[in-house]
Amino acid sequence: MRFAFILLLSILAIPADAQTGWKTVNPEIQSIVDSVSKESLESMLRQLEAFETRNTMSDQTSPRTGIGAARQWIYDQFKSFSPRLEVSFDTHQIPKGGRIYHDVELRNVIAVLPGSDPIGKNRRFIISGHYDSISETSYTAGSRSETKAPGVNDDGSGTAAVLEAARILSKFEFPHTLVFVAFAGEEQGLIGSGRLAKRAKDEHWMIDGVLNNDIVGNSIGGSGKNHNQTLRVFSEEPNDSPSRQIARYVKEAGERYTPAVNVDLIFRHDRFARGGDHISFNRVGFPAVRITVAEENYSRQHTMDDTLEGIDLNYLSRAVRINVAALASLAKAPSAPKLGALGRQPSGYDANLKWEPAEGNPGGYVVVMRKTTSPLWEKELYVGNVLQFVLKDVSIDEWVFGVRTIGKDGSESLTSVWTTSAAPEARTIQ
Ligand SMILES: [Zn+2]
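Residue 365 in numbering that gives the first Met the number 0 is what sits at position 366 of the sequence shown, and the numbering runs on without skipping anything.
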């Protein structure tokens, strides 16, 4: 939707052809979204359930049950999808302590779809879930890690989402790199994700966003209410953090390609007194969000009752569609512009926005704005391939402004948002 603006002083004329495709449905992304298969998800969940437990402390040697068999199966699944997926175990030796009641080898399973653009491939987007499971009786020493913990929803559903996304997206090529991760050790305190986030930080990975899926399979909550059209996305404070921009992007892209679903943004890092693997990435400064159901069912969590019966496969399919719509859109889009100063020139009462050129060969830029109290962007304006734009008689004190890069194919980058009036390299003191 376009909004009428009372403004102007655009630096250059807007090239009409560069606008082609902006805000429209990209047929390739639509075909990706439409490829999500309920049958594929169901067979993955049946196999994850068949391991009986995927407790991080469970047997690593059986070919049929326990976490060793589960991680090998996930590895083999990734391998089977495409020779272009670079599949590996991210292995860590975790010493005894806390809920780790004996020394254990922990393995995250990772598949990388390298980007096709020589510069763009340095930017990575991650989709993740945790494949380990637990039964409440199995947290501590003396308990039995062999206790059945089917973990079909928590977090077989997120694991299946990651696998299904990899199955579909690995058939395509994107400028940016996509990383598919199944974590272990989540139930012992985000251990696998903590180790990978630290490794990513140490190795200077450029991670532009993490979509962490944890419990995405039940449409009926513990209260008995049906929420089969709603998915929640949690993102850390402050407002306009990079994680919050990811959340807004997931809502826009997800609802564009799966209009039947309402993506409900929750402006909190996670549920009260609960956590998830996205937090490991937030802790070291990477933007990451949690995607989850509208209402949980606690009686089926961390128990032997977390079985396939508690899953709504149609709902899970919708959740995966939201994920792949956002991921494919992000993986195609140009980088977000770096911001310059936000000023009141030339009249002293205008909004004067400056930014730096995005990487590559962008088709143009879109300025977005909303009132400071509004959760979502309210106005969007394609301004052409310019690096400055003036909104006449618009108060910079009353609006939040952002800018996005638009690709030649109409794809949209994440939004860079002014949270200060100064350019990062030239702050002025008032
Ligand atoms: Zn979980």
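Each residue gets a CB set at the ideal place from its N, CA and C atoms; glycine is no exception.
- Here Lys147 is buried, its C-beta having at least 16 other C-beta atoms within 10 Å.
- Here the alpha carbon of Ala183 sits roughly 36 angstroms from the alpha carbon of Trp376.
- A residue is listed when its beta-carbon falls short of 5 angstroms from at least one non-hydrogen atom of ligand 1; in chain order these are Asp153, Asp154, Asp213.
- The closest CA to that of Ala330, considering only Phe173, Arg70, Phe50, is found on Phe173.
- Separation of Ser134 and Ser192 (C-alpha to C-alpha, rounded to the nearest whole angstrom) is 20 angstroms.
- Glu379: member of the beta strand (DSSP E) spanning 378–383, first to last residue.
- The DSSP-derived three-state label of Ala335 is coil.
- Residue pairing by DSSP places Phe400 opposite Met368 in a beta bridge.
- From the listed residues Gly342, Asp102, Tyr364, Pro333, the smallest Cα separation to Asn121 is found for Pro333.
- Three or more beta-carbon pairs separated by less than 8 angstroms link the segment 150–165 to the segment 29–49, which places the two stretches in contact.
- Relative to the Cα of Val385, the nearest Cα in the group Thr302, Gly339, Asp207 belongs to Gly339.
- A straight line joining the alpha-carbon of Asn360 with that of Arg343 spans about 29 angstroms.
- Distance check between Asp89 and each of Val178, Ser34, Leu47 places Val178 closest, using alpha-carbon atoms only.
- Unbroken alpha helix (DSSP H) runs of no fewer than 4 residues, entirely contained in the segment 246–286, are found at 277–282, following chain order.
- The C-beta distance from Pro336 to Val402 rounds to 5 angstroms, short enough to fall under 8 angstroms.
- Secondary structure note for Lys37: its alpha helix (DSSP H) is the uninterrupted segment 37–49.
- Residue range 26–33 is occupied by the alpha helix (DSSP H) that includes Gln29.
- Looking at the DSSP output, Glu185 bridges to nothing.
- The three-state secondary structure of Val319, taken from DSSP, is helix.
- Rounded to the nearest whole angstrom, the C-alpha separation of Val367 and Pro94 is 49 angstroms.
- Bridge partners of Glu235 according to DSSP: none are assigned.
- The straight-line gap separating the alpha-carbon atoms of Ile109 and Ser81 is approximately 14 angstroms.
- Two segments are said to touch when three or more pairs of C-beta atoms, one from each, lie closer than 8 angstroms; by this definition the segment 344–357 does not touch the segment 45–52.
- Contact between the segment 281–298 and the segment 94–108 is not established, with fewer than three Cβ pairs separated by less than 8 angstroms.
- Between the beta-carbon of His129 and that of Asp213 there is about 7 angstroms, and that keeps the pair under the 8 angstroms contact cut.
- For the pair Gly274 and Ala357, the Cα-to-Cα distance works out to about 35 angstroms.
- A direct Cα-to-Cα measurement between Tyr248 and Arg143 gives close to 42 angstroms.
- Fewer than three pairs of CB atoms, one per stretch, sit closer than 8 angstroms, so the segment 194–201 makes no contact with the segment 312–328.
- Rounded to the nearest angstrom, the gap between the Cα atoms of Val399 and Leu380 is 14 angstroms.
- Rounded to whole angstroms, the Cβ separation of Val215 and His277 is 13 angstroms, and the two are not in contact under 8 angstroms.
- With at least 16 other beta carbons inside 10 angstroms of its own, Lys250 counts as buried.
- Straight-line measurement puts the Cα of Ser132 at about 13 angstroms from the Cα of Gly67.
- Excluding five sequence positions before and after Gln300, the CB atoms of its chain that fall closer than 8 angstroms to its own CB belong to Asn152, Asp153, Ile214, given in chain order.
- Looking at the DSSP output, Val389 bridges to Asn351.
- Counting the other CB atoms within 10 Å of its CB gives Arg320 a total of 16 or more, which places it among the buried residues.
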